[in-house]
Amino acid sequence: MIFLINTGNISTNTTGIGTNATNITTNTNNITSNDTDITNLQTELDATQTGAGLGTGGSYTANSSANYIKTATSLTDADNKLDAQAKCNADGVTANTTNIGTNTGKFGTAGTVEASKAVVVDASRNITNFNNIQADGTITSGNSITIDGTGATQGSITESHGKISFGDETLVTTGNVGIGTSSPDATAILDLSSSAKGFLPPRLTSKQINAIVLPAEGLTVYNTTVRAIWWYNGTEWEMSKSKDGESCGDVTYSGHTYHSVIIGKQCWMTENLNVGTMIDVSYSQTMNSTIEKYCYSGVELICDVYGGLYQFGEMMQYSYTEGAQGICPTGWHVPSDDEWKQMEMALGMSQLSADETGPRGTDEGKKMKSTSGWYNNGNGTNSSGFNALPGGLTYNELFSNMASEGYWWSSSRRLDWQPWTRSLSYFDNKVDRDYANTLIGFSVRCLKN
Ligand SMILES: [Ca+2]
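Adding 44 to a residue's 1-based position in the sequence shown gives its number in our numbering.
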């Protein structure tokens, strides 16, 4: 009987075992499902939340404030929170991209560009309304930088340690300029203030000054040739006072020291040039690496007093350019026909006379001739300081006219083989303007550039 009872229990238990087996299967499925959810969640964490402060592998310590699933109540809740945040982040990226596009056209107003950042503005862009532009490097602009303002909001460019350079550009201001003062005088467009330094105008030679095309009336420079301030009066260059007869400096050249004199606005050597190696008059002076000279009668000592005699080509060093340096020292040149005229007119000759050919003027030659050494007492007063000597000439292997005539080349030519010349004679106080064969040997006088 007991067995019957037991038999019933066994049947019941058998049924229970079957139920438990089913439950075990169900739980196994749930565990698998949960494993899949955890894997998916981790993948999403890794993919979307790394930047928000959540490390891979489920570590959430990088940024606890951005731990968007901190308060999640279940895996599903955590998943929803992550989805929401991921969308939020994606929207933020889109919005930032739009702002970047907008800001390409302009930077915000009233901001500051950091010194360490480069700001390059091309011709189609503008920077406006900045309080400060600070740069340790370069501000590059294809257009212009305008510092504008009125009243209390005036703008400025400040550089405390270096300099502001504009290359070869023009610096323009419609206001006045102060240097050495922060408050230039209201009546001065340019106010230079110093108790220790001077105003240094551009220093140019006569040649450089005369090369200025269409100078403005009032243009002012310091002329280093005659050592004076010059200004342009609208027609010609003027200087403050006559310096006639004063020296404009000595020049030592090839072993000889030459003196100078100011005549009008020019600086002339007061001696004939004596440079080069004497050759016999039976040889022509040639285009080679040597300056060759003739000395009257083949006597070197005569060259020491009267200077050498040179053929035109040698004297010009075969340049044939009017105003060429020729055999003159650096900073000097062979005077042109016009430059001879300028001296003659400074000594009183009219333009009309100066333009003539042959003996011209009145007593200009007398002012040029030395006070001794001229034949038959045909000396001059040398009031000009030019100190012309009667050095004669050489032609066709002969020397002639020593003590009675002096001849000088110009660097200008009437025709190809007819350079303009000047000559002075013992019997005349005029200055002869003529032209001569280039193979004749004449004296050379240099004019300072
Ligand atoms: Ca030569």
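All C-beta atoms in this analysis are idealised placements derived from N, C-alpha and C, irrespective of residue type, glycine included.
>> Bridge partners for Q462 per DSSP, in chain order?
In response: L459
> The alpha helix (DSSP H) spanning K411 covers which residue range?
Replying inline: E408 to M412
> Under 9 Å, do V295 and G375 count as touching if we go by C-beta distance?
Replying inline: yes
> Within the chosen definition, does the stretch 326-339 reach the stretch 400-410 through at least 3 CB pairs nearer than 8 Å?
Replying inline: no
> Using a threshold of 8 Å, is the CB atom of T330 nearer than that to any non-hydrogen atom of ligand 1?
Replying inline: yes
> In angstroms, rounded to a whole number, what distance separates the CA positions of G308 and A240?
Replying inline: If you take the alpha carbons of G308 and A240, they lie about 34 Å apart.
>> With the cut-off set at 9 Å, would you say I346 and M359 are in Cβ contact?
In response: no
> Going by beta carbon distance, what residues of the same chain come within less than 7 Å of T482, once the five residues before and after it are set aside?
Replying inline: So the qualifying residues of the chain are Q355, F356, G357, W461 and P463.
> Terminal residues of the continuous alpha helix (DSSP H) containing N254?
Replying inline: S250 to N254
> Based on Cα-Cα distance, which residue from D288, L248, I113 and A260 lies nearest to I273?
Replying inline: L248
>> Checking the sheet assignment: what are the DSSP bridge partners for Y266?
In response: Note: Y266 sits in a beta bridge opposite R247 and I273.
>> Considering Cα atoms alone, identify which of P246, I223 and T231 is closest to S238.
In response: I223
> If you count every other CB in all the chains shown that lies within 10 Å of the CB of Q310, and 16 or more means buried, which is it?
Replying inline: buried
> Alpha carbon to alpha carbon, what distance is there between V221 and V349?
Replying inline: Spanning the two alpha carbons is a distance of roughly 56 Å.
> Since H377 and Q386 are thought to touch, with beta carbons under 8 Å apart, how far apart are those beta carbons, to the nearest angstrom?
Replying inline: So it is not a contact: roughly 14 Å between Cβ atoms.
> Per DSSP, what kind of secondary structure is G62 in: helix, strand or coil?
Replying inline: helix
> Given 8 Å as the limit, is there contact between the stretch 440-459 and the stretch 473-491, that is, 3 or more CB pairs closer than that?
Replying inline: Yes, since at least three Cβ pairs between the stretch 440-459 and the stretch 473-491 fall closer than 8 Å, the two stretches touch.
> Mind checking whether the beta-carbon of T296 lies closer than 8 Å to any heavy atom of ligand 1?
Replying inline: Checking the Cβ of T296 against ligand 1 gives no.
>> Can you tell me whether I68 is helix, strand or coil according to DSSP?
In response: helix
> What alpha helix (DSSP H) runs, 4 residues minimum, are completely inside the stretch 324-400?
Replying inline: 344-350, 356-360, 381-390 and 395-398
> Thinking C-beta only, is S428 closer than 9 Å to L391?
Replying inline: yes
> Helix or strand or just coil, what does DSSP make of N436?
Replying inline: The question names Asn, yet the displayed sequence has Gly at residue 436. G436 falls in the coil class under three-state DSSP.
>> Pop quiz: R458 and Y439 are said to be a contact at Cβ under 8 Å. What is the actual Cβ separation, rounded to whole angstroms?
In response: Contact doesn't hold; Cβ gap of about 18 Å is too wide.
> What first and last residue would you give for the beta strand (DSSP E) that runs through N473?
Replying inline: D472 to Y479
>> Let's see if you can read the secondary structure: which residues bound the beta strand (DSSP E) around L234?
In response: For L234, the uninterrupted beta strand (DSSP E) segment begins and ends at L234 to L236.
> Exposed or buried, what is G155 when buried is set at 16 or more other beta-carbons lying within 10 Å of its beta-carbon?
Replying inline: Because G155 carries a pLDDT of 45, less than 50, the predicted location of this residue cannot be relied on, and the following value inherits that uncertainty. Under this definition G155 is an exposed residue.
>> To the nearest angstrom, how far is the alpha carbon of Y364 from that of Y419?
In response: 34 Å
> Is DSSP giving G422 helix, strand or coil here?
Replying inline: coil
>> Considering just the uninterrupted stretch of the beta strand (DSSP E) at P403, what are its terminal residues?
In response: For P403, the enclosing beta strand (DSSP E) has its first and last residue at G402 to R404.
>> Could you check whether the Cβ of T334 sits closer than 8 Å to any heavy atom belonging to ligand 1?
In response: yes
> How far does the beta strand (DSSP E) with S444 in it reach, from first residue to last?
Replying inline: In the DSSP annotation of this structure, the continuous segment of the beta strand (DSSP E) that includes S444 starts and ends at L442 to S444.
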